[in-house]
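J.: In this text, residue positions in the sequence shown follow UniProt numbering: the first is 1, and each later residue adds one. Even for Gly, the Cβ is constructed at its ideal location relative to N, Cα and C.
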Amino acid sequence: FIGGKINSLGLVLEVLEGRFSRRMDEQLEGQAVSELADSGAEGGAPQVAGAQETSPEDRMTLLLSKIEDLENEIEKVKTAFEIKKLALDSVLIDNMKHILKLNNLIMKSQQESWDLEEKLLDVRKKRLQLKQASESKLLEIQSEKNKQKDDLDSMENSDKIKTIQQNLQMEIQTTTVIQHVFQNLILGSKTNWAEDSALKETVLQLEKNLTMI
1 FIGGKINSLG LVLEVLEGRF SRRMDEQLEG QAVSELADSG AEGGAPQVAG AQETSPEDRM
61 TLLLSKIEDL ENEIEKVKTA FEIKKLALDS VLIDNMKHIL KLNNLIMKSQ QESWDLEEKL
121 LDVRKKRLQL KQASESKLLE IQSEKNKQKD DLDSMENSDK IKTIQQNLQM EIQTTTVIQH
181 VFQNLILGSK TNWAEDSALK ETVLQLEKNL TMI
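#1: Using the three-state DSSP reduction, which class does K55 fall into: helix, strand or coil?
#2: Can you tell me which of the three DSSP states P46 falls into?
#3: Does DSSP classify E195 as helix, strand or coil?
#4: Just how far apart, CA to CA, sit E68 and E75?
#5: Which ranges would you report for the beta strand (DSSP E) in the UniProt domain "Centromere protein H C-terminal" (93-207) if only whole runs of at least 3 residues count?
#6: Compute the Euclidean distance between the alpha carbons of L86 and E57, then round it to the nearest angstrom.
#7: Residues in the same chain with beta-carbon distance under 7 Å from K119, minus the five sequence neighbours each way, listed in chain order, please.
#8: Roughly how many whole angstroms lie between the Cα atoms of V177 and Q183?
#9: Rounded to a whole number of angstroms, what is the C-alpha to C-alpha distance between R59 and A80?
#10: Apart from the five residues on each side of it in sequence, which residues of its chain come closer than 7 Å, Cβ to Cβ, to L62?
#11: Could you tell me the distance, in whole angstroms, from the CA atom of K66 to the CA atom of S90?
#12: Determine the direct distance from the alpha carbon of A133 to that of L152, and round the result to whole angstroms.
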């Protein structure tokens with residue numbers, strides 16, 4: 001668009017220059033004819049019938065008038081050219097402002113894109129750290145469980161644990177025998193133990209299976 005405007009202005013200037021050049025050529029040609037006519041008149045050559053002699057003052061006045069007309073036309077063209085140039089400059093300034101605005105938007109978008117990429121990298125880094133920490137914690141828990149299992153197996157297989165278990169079984173058996181003896185004594189006495197709260201509680205305690213405790 002801008003290039004087309006510049007080309008149009010160039011064509012206008014070329015046309016005006018051509019018109020000015022043609023007019024100057026015509027004026028020079030007319031002046032030469034007049035001078036030839038004047039020289040012919042001075043030499044005594046007969047003038048063309050019906051031709052009127054033009055005085056130098058008239059020719060000068062005509063020439064000055066044409067020059068003034070051309071100058072006025074040139075001024076008009078210059079004024080129109082300046083107006084169009086100002087309009088073109090205004091369009092160029094608006095285009096430059098628009099380009100600067102677009103450039104700022106592009107730079108802002110690029111900065112936002114870089115910020116998002118940086119945040120994304122941080123999120124990926126933190127996720128990797130959490131994954132590594134989780135895997136490490138799982139390994140630690142599994143190792144602790146294996147250790148506890150090994151310790152438990154070691155305790156169960158130890159002679160001390162076996163001795164304790166044997167003693168506990170013997171105590172349970174002895175206590176069970178005593179429970180049965182007391183139960184038989186209470187039942188053999190034919191006492192209504194259900195009406196005696198203390199005796200009832202004792203009977204209920206004797207009915208417990210110690211192997212399930």
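T.: Reading it off the structure:
#1: The question names Lys, but residue 55 is Ser in the sequence shown. Residue state, collapsed to three classes: coil.
#2: For P46, the predicted structure reports a pLDDT of 44, less than 50, and the residue's modelled location is therefore unreliable. A value from the coordinates is still provided. Three-state result, P46: coil.
#3: coil
#4: 10 Å
#5: none
#6: 42 Å
#7: none
#8: 10 Å
#9: 31 Å
#10: none
#11: 36 Å
#12: 28 Å
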